[in-house]
Amino acid sequence: MTQQQEKDEFVRQWAREVLGSSYVSKTRPQVWELLDACTTKLVSALMAEEYSPVLAAEVGARLIREHFVGSRALRGTLQLVATGLPGVAGFTCEEVPRERLLALLGALAGGYSRELRERTLGEQEVIRQAVLQAKDEAEEAHRATEARFRAVFASSALGIAIVSLDGTIEDVNESVARIFRTTRESMVDSTILDLVDEGWWHELAEANAELVAECNEHFEVDTRYTVPDSDEEVWTQVTGSLVYDAHGRPEYQVVLYTDITDRNLLKERLSWQAMHDPLTGLANRTLLQSRTESALDQSTPGHRIGLCYLDLDGFKTINDTLGHRVGDELLRAVAQRLHEVVDAEGALAARMGGDEFVVLVPDSGGTRAVLDLVSRFYDAITRPVHVGEHELSASASVGVVERETVGTDLYELQRDADISLYRAKSDGKAQWALFDSEQNAFARQRFRLSAEMPAALDNDEFFVEYHPITWLADGSLAAVHAEVIWDHEDRDIDSAEFLEIAEETGVIIRLGTWMMRQVCEHAMEWVRSLGSAAPIVSVDLSPRYFRAPGLVDEVGRILEETGAPARNLRLSVPESALFDECGDPVDTLSVFVEMGFDFVVRDFGSDYTHLGRLSELPVSTVCVEGDYLNGLAGHRAPEPLSEHLVHSVVSAAHLLGMTVIAAGVRTEEHAARLHKVGVQAVRGEYAGERASALEIRELIDSGEFVGSR
1 MTQQQEKDEF VRQWAREVLG SSYVSKTRPQ VWELLDACTT KLVSALMAEE YSPVLAAEVG
61 ARLIREHFVG SRALRGTLQL VATGLPGVAG FTCEEVPRER LLALLGALAG GYSRELRERT
121 LGEQEVIRQA VLQAKDEAEE AHRATEARFR AVFASSALGI AIVSLDGTIE DVNESVARIF
181 RTTRESMVDS TILDLVDEGW WHELAEANAE LVAECNEHFE VDTRYTVPDS DEEVWTQVTG
241 SLVYDAHGRP EYQVVLYTDI TDRNLLKERL SWQAMHDPLT GLANRTLLQS RTESALDQST
301 PGHRIGLCYL DLDGFKTIND TLGHRVGDEL LRAVAQRLHE VVDAEGALAA RMGGDEFVVL
361 VPDSGGTRAV LDLVSRFYDA ITRPVHVGEH ELSASASVGV VERETVGTDL YELQRDADIS
421 LYRAKSDGKA QWALFDSEQN AFARQRFRLS AEMPAALDND EFFVEYHPIT WLADGSLAAV
481 HAEVIWDHED RDIDSAEFLE IAEETGVIIR LGTWMMRQVC EHAMEWVRSL GSAAPIVSVD
541 LSPRYFRAPG LVDEVGRILE ETGAPARNLR LSVPESALFD ECGDPVDTLS VFVEMGFDFV
601 VRDFGSDYTH LGRLSELPVS TVCVEGDYLN GLAGHRAPEP LSEHLVHSVV SAAHLLGMTV
661 IAAGVRTEEH AARLHKVGVQ AVRGEYAGER ASALEIRELI DSGEFVGSR
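If you count by UniProt numbering, then the sequence shown holds residues 1 to 709, one letter each, in order.
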């Protein structure tokens, strides 16, 4: 269907709604032309670069001016605009600007309501003038005026009631009876206060009293009325004014009733949508924060609060393998079960997005009570879920915080719940973890470091230094091993600690690229100053960095920009990264070798099943490291088991035709024992202290190390 056909169908349905429910004095072509113009305005408002409510409000007002005031006119218009206008504007379901569409509906309803109110006040003035003329003019004029009043009274779409000064209803038109779902006869001799629910009684009574006392010329209040023997609610806008006798004394009231039920329902719907997740119907982040802040405002000593963060385990796999529709159905089922359990305990279930949920216990009965609730809702959400032909089992990791509200703020509560969730996932998933100040201090430190790393890169807080690697045969320099150092302002941080965090958070991609550039710049400087004596540089690539898309292109660009020769660089990759299921590490390795790089496999021997495949890769050197090497250190005889393990790993490397480097070698005796079992080069305290690029050059210049070439 073309966009014009979409528009024509939209206008046709709109005309059907207003013609089927309203009095109009126009022909169908005139109605069609009018609604076509209104549709154009609404499309312009929806697609405008900067949203303005003016066009939508004008459309609402025009519907009133053209007498589209029937009971279905506004409701039918709002429903049609909400479902059909995006298609007229050319949007698909995924592209619908939801927030703008909701704002446009509100503006349309608001314009309709304002124009209806103005019309109401105008009719009220006509009625008041007609009543005054009926009292002051001659009998003939009185009868004519009375006839005009009765015509307006009988035909008006607004509810009109004649009310005595004490609030007793003396007469009503059919519109009042229709609004309140009753008959005219049953309303006579009741009071205007009988037409409001108890919660709205005081406001109407006060406004009416001020009118009768002539403190105000008129009043206008919104009220709610529940139809007897029914749960149906009627919302009305009540407007009252006085009619005076020939002597200027108040004689009675004219009270007008406007049915605003549809408008109020729309307002409530918009409010609900602003506070709830559209997929699951649970509270969203906004409502959760509001309720949490309210709970924390409770300053009564002993008042406690609980907060549970949930994260479904393996949900991404379900989405990727079975599709988002199945994933959405699983989320709805989990949300419903979660809500049923926690709502019965006065707790609030919320969805933060994705597969993350939160349970707020605003009035906790203590840690044991919260953990009991966690146990019950965990059992509920982990029961199998049937989605079509699939039976799915959801598991979750849960972080739990429970404490007194006094001395607790929102940020601290959410942070501790998040850290507890992180600990639950780190400990193996499918379990809950209760906040523990000592254990979580370590996790908070890791969180802090992960947050600080990007800024530290921007502020040049990292630098690269080098560990010498020496040949055991003659003590000459085999290579240097690059290590990135963080010059943190507060404390010394071990490289292994922050590199692990960088790997988990993804910062390793940026950090690895930065390190590669630094190493290449140093390598080129050594080539310029030392010539053939320039050392070979070994650079560690983390598993995540090695799998990064575009790594080969990025390294090639760095070589081109720095001028560093690839033959002076060795790329060190963990053995496990060469045989995982992500990407194609063999192809990556081959491309780097074609560029001139040599490769080192570190953590060699961690899995003997890799040895056969490793022999097929273009790798010439392996690095062995680990606690079992320490069994050959010290003054006592080597530990037999450690010596056997080292001998086995080194022998396997020799069978593959590879050079063996050992890391973490501290003493001459340690080095001698490793040399005896076949290790050819070492790195550690024995080989030399860590040094800057300038210091490495000076050591080679001074003759302390024989160059690597």
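Even glycine gets a Cβ: it sits at the ideal position worked out from N, Cα and C.
Assuming residue i contacts residue j (C-beta within less than 8 Å), just tell me the rounded distance between them.
i           : j    : result
R181        : V227 : 5 Å
V519        : V507 : Rounded, the Cβ-Cβ distance is 18 Å, inconsistent with contact.
L530        : A681 : Contact doesn't hold; Cβ gap of about 20 Å is too wide.
V624        : A672 : 16 Å between Cβ atoms; not a contact.
residue 728 : P535 : Coverage of the chain is limited to positions 1 through 709, which leaves residue 728 absent and any answer about it impossible.
D363        : G346 : 7 Å
G327        : F315 : 7 Å
A523        : L569 : 6 Å
V385        : L330 : 6 Å
Taking the continuous alpha helix (DSSP H) assigned at residue i, which residues delimit it?
i    : result
F377 : T367 to I381
V326 : H324 to D343
R544 : P543 to F546
R285 : R285 to L296
R72  : Neither: R72 is in no alpha helix (DSSP H) and is coded neither H nor E.
L279 : L279 -> no alpha helix (DSSP H), and no H or E assigned at all.
Shortest alpha-carbon distance to residue i belongs to which of the options?
i    : options                   : result
L617 : V59, A637, E575 and V646  : E575
L270 : Y378, L699 and A107       : A107
R62  : T405, T83 and L35         : L35
K676 : R636, Y686, G703 and H647 : H647
Q253 : G550, L116, A451 and E214 : E214
E356 : L296, E33 and K425        : K425
L645 : A496, G605 and V81        : G605
R332 : A350, L46 and D320        : A350
R602 : G626, G76, M595 and P468  : G626
S113 : R65, A177 and K429        : R65
R16  : A48, Y51, A37 and L80     : L80
P278 : W514, Y411, G353 and S532 : G353
T280 : S230, E251, G248 and V334 : V334
L348 : S290, G366 and E329       : S290
A45  : Y466, E561, V484 and E99  : E99
N459 : W514, F435 and T39        : W514
A73  : K41, M47 and L116         : L116
F447 : D416, I469, P97 and E461  : D416
E125 : V255, Y309, E170 and M47  : V255
A482 : Y466, D409 and D494       : Y466
P97  : L265, G110, V600 and V43  : V43
V358 : F219, G366 and Q414       : Q414
Residue range of the beta strand (DSSP E) that residue i falls in?
i    : result
L360 : E356 to V361
H386 : V385 to V387
P574 : L569 to P574
H390 : H390 to L392
T659 : T659 to A663
Y309 : R304 to D313
R636 : Per DSSP, R636 belongs to no beta strand (DSSP E) and is neither H nor E.
T621 : T621 to V624
E404 : S395 to E404
R184 : R184 -> not in any beta strand (DSSP E); alpha helix (DSSP H) instead, spanning R184 to M187.
I179 : Per DSSP, I179 belongs to no beta strand (DSSP E); it is in the alpha helix (DSSP H), E174 to I179.
I162 : G159 to V163
Can you tell me whether residue i sits near the ligand GDP, meaning its C-beta is under 6 Å from at least one heavy atom of the ligand?
i    : result
E232 : Of the ligands one can find in the structure shown there are none, so the ligand GDP has no counterpart to examine.
- Would you check if the segment 228-242 and the segment 257-265 touch, i.e. whether three or more CB-CB distances between them fall below 8 Å? Yes, since at least three Cβ pairs between the segment 257-265 and the segment 228-242 fall closer than 8 Å, the two stretches touch.
- Task: Could I get the ranges of all uninterrupted beta strand (DSSP E) runs contained in the segment 449-507, with 3 residues as the minimum, in chain order?
- Result: If only complete runs of 3 or more residues are kept, the segment 449-507 shows the beta strand (DSSP E) at 462-471 and 477-486, in order along the chain.
- If you pair each beta-carbon of the segment 584-601 with each one of the segment 626-638, do three or more pairs fall below 8 Å? Using a C-beta cut-off of 8 Å, the segment 584-601 makes no contact with the segment 626-638, since fewer than three inter-stretch Cβ pairs fall below that distance.
- Message: In chain order, what are the residue ranges of uninterrupted beta strand (DSSP E) at least 3 long that sit wholly in the UniProt domain "PAC" (219-272)?
- Response: Within the UniProt domain "PAC" (219-272), the complete beta strand (DSSP E) runs of at least 3 residues fall at 233-244 and 250-259.
- Message: When you compare the segment 541-557 with the segment 482-494, are there three or more beta-carbon pairs, one atom per stretch, that lie closer than 8 Å?
- Response: In short, these stretches do not touch, since the Cβ pair count stays below three.
- Task: Spell out a yes or no on whether the segment 278-286 and the segment 197-211 are touching, meaning 3 or more CB-CB pairs, one atom from each, closer than 8 Å.
- Result: Taking one beta carbon from each stretch, the segment 278-286 and the segment 197-211 have fewer than 3 pairs nearer than 8 Å; the two do not touch.
- Task: Please confirm if the segment 445-459 is in contact with the segment 388-405, defined as three or more CB-CB distances below 8 Å between the two stretches.
- Result: Under the Cβ criterion (8 Å, minimum of three pairs), the segment 445-459 does not count as touching the segment 388-405.
- Are the segment 96-111 and the segment 51-59 touching, with three or more C-beta to C-beta distances below 8 Å? Because the criterion of three Cβ pairs below 8 Å is met, the segment 96-111 and the segment 51-59 touch.
- Message: I'd like to know if the segment 335-352 and the segment 373-386 are in contact, where contact means that at least 3 CB-CB pairs between them fall below 8 Å.
- Response: Touching, per the Cβ criterion.
- Assess, as a yes-or-no matter, whether the segment 190-199 is touched by the segment 243-250 under the definition of 3 or more beta carbon pairs within less than 8 Å. The segment 243-250 vs the segment 190-199: no contact.
- Spell out a yes or no on whether the segment 84-92 and the segment 4-19 are touching, meaning 3 or more CB-CB pairs, one atom from each, closer than 8 Å. The segment 4-19 and the segment 84-92 touch, with three or more beta-carbon pairs separated by less than 8 Å.
- Item | Cβ pair count under 8 Å reaching 3, the segment 664-671 against the segment 637-644 | No: fewer than three Cβ pairs fall under 8 Å.
- Query: Is the segment 404-412 touching the segment 299-313 in the sense that three or more CB pairs, one from each, lie closer than 8 Å?
  - Reply: Contact between the segment 299-313 and the segment 404-412 is present: three or more C-beta pairs spanning the two stretches fall below 8 Å.
- Message: Can you confirm whether the segment 498-516 touches the segment 695-706 when touching is taken to mean that 3 or more C-beta pairs between the two stretches lie within less than 8 Å?
- Response: Contact between the segment 695-706 and the segment 498-516 is absent, because fewer than three Cβ pairs lie under 8 Å.
- Length-filtered (4 minimum) alpha helix (DSSP H) runs lying within the segment 30-106: 54-65 and 73-88, all fully within the segment 30-106.
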